[in-house]
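In the working numbering, the protein residues as written are 3 to 111.
All residues carry an ideal CB built from backbone N, CA and C; glycine is no exception.
Since we're looking at a predicted model, the values are computed, not measured.
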Amino acid sequence: MALIKCPECSKDVSDTTYKCNNCGFILNKPKRGVTGKIFKALFIVFNFLMIISFISLYYGLSQADPQASESGATAVAGVAGTGTLIFIWIALGLPLGIMNYITRPKAYE
Ligand SMILES: [Zn+2]
3 MALIKCPECS KDVSDTTYKC NNCGFILNKP KRGVTGKIFK ALFIVFNFLM
53 IISFISLYYG LSQADPQASE SGATAVAGVA GTGTLIFIWI ALGLPLGIMN
103 YITRPKAYE
């Protein structure tokens, strides 16, 4: 390993170190790997799509036929739709969130 000068305090530090031992200056910012970037993007896109689904579901229900809502059909559709969306959100969002957490940038110390 090579020694470099810390830009903050000018002390010699290893070029593989995460931060300066002397002043704590961050020399190498931890980066997300390619897998981590993919999971982060998927997680963001997935949550965005879920929010859109919720909005369109409730927008659809508010536009529904008033006679249908009197019969309770809209309420049933709303409960079923919300249940399905929440199920999808947990079933897919949870593993994605876990993978996103596992592949997060780590400080190499
Ligand atoms: Zn330093």
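| Asked | Found |
| --- | --- |
| Measure the C-alpha to C-alpha separation of residue 138 and residue 51 and round it to an integer number of angstroms. | Residue 138 lies beyond the range of the chain shown here (3 to 111); nothing can be said about it. |
| How about residue 1: is its Cβ closer than 7 angstroms to a heavy atom in ligand 1? | As displayed, the chain neither begins before 3 nor continues past 111, which places residue 1 out of reach and without an answer. |
| Shorter than 7 angstroms, the distance from the beta carbon of residue 30 to the closest heavy atom of ligand 1, or not? | no |
| State the DSSP-derived secondary structure class of residue 16, mapped to helix, strand or coil. | strand |
| Relative to ligand 2, is the shortest distance from any of its heavy atoms to the C-beta of residue 41 smaller than 7 angstroms? | You won't find ligand 2 in this model; what it holds is ligand 1. |
| What residues come near ligand 1, if near means a beta carbon less than 6 angstroms from any of its heavy atoms? | 8, 10, 11, 13, 22, 24, 25, 27 |
| Taking DSSP as the reference, what is the three-state secondary structure of residue 111? | Confidence at residue 111 is low in this model, with a pLDDT of 41, below 50, so its placement is unreliable and the value that follows should be read with caution. Residue 111 falls in the coil class under three-state DSSP. |
| Counting only the same chain and skipping the five closest in sequence on each side, list residues whose C-beta sits under 7 angstroms from that of residue 111. | Residue placement at residue 111 cannot be trusted, given a pLDDT of 41 that sits under 50; what the coordinates show is reported in the next sentence. So the list reads 20, once near-sequence residues are dropped. |
| Which runs of the alpha helix (DSSP H) spanning at least 4 residues fall entirely within the stretch 28-107, listed in chain order? | 36-64, 68-72, 75-104 |
| Anyone know if the C-beta pair for residue 76 and residue 87 falls short of 8 angstroms? | no |
| Measuring alpha carbon to alpha carbon, tell me which of 79, 28, 46 ends up nearest residue 95. | 46 |
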